[in-house]
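In the working numbering, the protein residues as written are -1 to 134.
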């Protein structure tokens, strides 16, 4: 299966799971889950669903709640997706935002600014650095 199709399926699963958790699942505790990505296997048998929460202390409890609704969630996905086979869902805590924050802290302690300069890549300074006199 092509990578473009897999990326499209992953994005569609992410969008539908987010919507279903927020709107159709009756368990209010799963509404705080923020779905950050989906990684589906090439054979569409399994989909790892990455999530985070605004409250890091609640992530483990949220993981248990998400595990408890994955059956009904998969059935709802079967109703809205046009796939021959709906993958089984595995939920996993997305730690990439925590890791990014950790890297920012390290850069800050080293005295480096983790953000790009504000004028980098803007049209105002386009071509100013390497003006060698050639107009070609």
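For glycine and all other residues, C-beta sits at the position ideal for the given N, C-alpha and C. Bear in mind that the values here come from a model prediction, so they are computed numbers and not experimental data.
Select from the options the residue whose C-alpha is nearest the C-alpha of residue i.
i	options	result
residue 56	28, 88 and 99	28
residue 95	20, 54 and 0	54
Please list, in chain order, all residues of the same chain as residue i whose beta carbon is under 6 Å from its beta carbon, the five residues on each side excluded.
i	result
residue 46	37, 88 and 90
residue 13	none
Counting C-beta neighbours from all protein chains within 10 Å, is the total for residue i 16 or more, i.e. buried, or is it exposed?
i	result
residue 85	buried
residue 15	buried
residue 23	buried
Starting from the C-beta of residue i, find all residues in its chain whose C-beta is less than 8 Å away, skip the five residues before and the five after it, and write them out in chain order.
i	result
residue 51	30, 31, 32, 57 and 60
residue 92	34, 35, 48, 49 and 50
If we call anything under 8 Å between Cβ atoms a contact, is residue i one with residue j?
i	j	result
residue 74	residue 18	yes
residue 166	residue 44	Outside the displayed span of the chain (-1 to 134) sits residue 166, for which this structure offers no information.
residue 81	residue 108	no
residue 25	residue 63	yes
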